[in-house]
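Inspection log for the structure reproduced underneath, given as structure tokens.
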Amino acid sequence: MAPVKSSLPKSSPPAKKRPPYIRAVLIAILLLIAIIGVLGYFKVTQIMGFMALAKAGAFNPPPTAVTTTVAATSEWQPTMDTIGTVAAINGVTVSTDLAGIVDKIAFTSGTKVKKGDLLVHLNTDQEQAQLGQAQAQLDLALLTLNRDRDLLAKRAIAQQDYDTAEASYRQFQATVNQYKALIARKTLCAPFDGVVGIRQVNLGQYLNTGDPVVTLQSFDPIYVNFTLPQQDLSKLAVGQEVNVQLDAYGQLVFSGNINAINSLVDQATRNVQVQATLPNSNLKLRPGMFGKVSVVLPEHESVIALPVSSVHYAPYGDSVFIVTEAKGDDGKPYKTVKEQFVKLGAARGDLISITSGVKPGDEVVTSGVFRLKSGAPITINNKIKPDAEASPTPANS
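Position one of the sequence shown corresponds to residue 1082 (my numbering), numbered consecutively onward.
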């Protein structure tokens, strides 16, 4: 029997629906493109407007306000500069060379003391008892010696007996002196005038031999030790003026004189050690401080000195800006600047010497140099110009 064919039409597979998130992504992309297009249009329009203004000469930057000074020569006394360390004339850490218990502290931390003033006393009860015993034996030996001397004169005893009595007396005398020395060694006194530091002991504390008690420094006057290269040795002399500046006191200058030049040049560094003495009645200088030392040389030199603020420091070279005149498109003159590379010399306070690049009479910008470039228009206002000194002294120093 033949198969029966169905007359019903075949159904086609259902169409795939697009996921909803794809439609959202497409809408977001279209919106982003539209926003970028609108922003780009406005930016291009803005740039074209600026270009049109610049071409028409209507977009000129405002002049930069600066201060200036006129370069001039001045007399400077040359110096040799180095770093030095402050040291006490006398300085020790007081300690005991015998062990014992502290039974008296006779000083206050941070105060002045005189040579011979008592600082610390250790307990000497045992030594005092031994001294008393030795003293009694000495007294007895002295009586025996005197008695034997009389008997010897009467030939009542032999010379040997007298010699034995005399030797016994001297032995006990040495014992007494020994105990007196032990007691004195447990009495710590100031070896020189000075200022004591912070005490490092307490009452009742047991001290071993060599334990520190307190520091003692004598620093009026005070030393400053420094070194200079051997090639500068010929420029040094005892009595030469020395100026010292320390970070702790800013621009305040302490002056003194060289008192000693080492007789030996260091073989490792080829430097020579120098020592200067400075008055220190106000005790501002303390041992251990360090600072800049300037040895003043006797000759003078003429230099062009400018404020340090006038120099534009850069890796490719240091420069200053010199004021010149230029004419604008309308033919009117205006102030402008020209960058001039310079070579720098020694600095002193707020000033620095210029060895080349600037000549006397040049008007040099002293502030605002970091905002300038060659050809930039400027306006000068020297009413606000800060002072520049070779040896500035702050008001609160």
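Virtual Cβ for every residue (Gly too), placed ideally from N, Cα, C. The structure displayed is predicted, hence computed values, not measured ones.
* Between the Cα of residue 1418 and those of 1424, 1426 and 1407, spot the shortest distance and give me the residue it belongs to. => 1407
* Have a look at residue 1155 and residue 1338 and give me their C-alpha separation to the nearest angstrom. => 25 Å
* Give a yes or no on contact between the region 1249 to 1259 and the region 1160 to 1167, applying the rule of three or more CB pairs nearer than 8 Å. => no
* Rounded C-alpha distance that separates residue 1360 from residue 1169 -> Roughly 12 Å between the two C-alpha positions.
* Boundaries (first-last residue) of the alpha helix (DSSP H) holding residue 1305 -> No alpha helix (DSSP H) contains residue 1305, which is instead part of the beta strand (DSSP E) from 1303 to 1310.
* Of the listed residues 1148, 1317, 1466 and 1108, nearest to residue 1340 (C-alpha basis) -> 1317
* Asked: In the DSSP assignment, what residue or residues form a beta bridge with residue 1162?
  -> 1375
* Local Cβ density within 10 Å of residue 1429, reported as buried at 16 or more and exposed below that -> buried
* Residue(s) in a DSSP beta bridge with residue 1299 -> 1171
* Validate contact between the region 1185 to 1198 and the region 1320 to 1332 using beta carbons, cut 8 Å, 3 pairs -> no
* Would you mind stating whether residue 1446 and residue 1421 have Cβ atoms separated by less than 7 Å? => no
* Measuring from the CB of residue 1122, is there a heavy atom of the ligand ADP at a distance below 6 Å? -> With respect to small molecules bound, the structure shown includes none, and the ligand ADP cannot be examined in it.
* Can you check whether the CB of residue 1362 is closer than 7 Å to the CB of residue 1301? -> yes
* **For residue 1154: DSSP bridge partner residues** => 1385
* Asked: Run through DSSP, which three-state label would residue 1087 get?
  -> The pLDDT assigned to residue 1087 is 49, lower than 50, so where the model puts this residue is not dependable; a value taken from the coordinates is nonetheless given after this. Residue state, collapsed to three classes: coil.
* Asked: Expressed to the nearest angstrom, what Euclidean distance is found between the alpha-carbon atoms of residue 1433 and residue 1202?
  -> 58 Å
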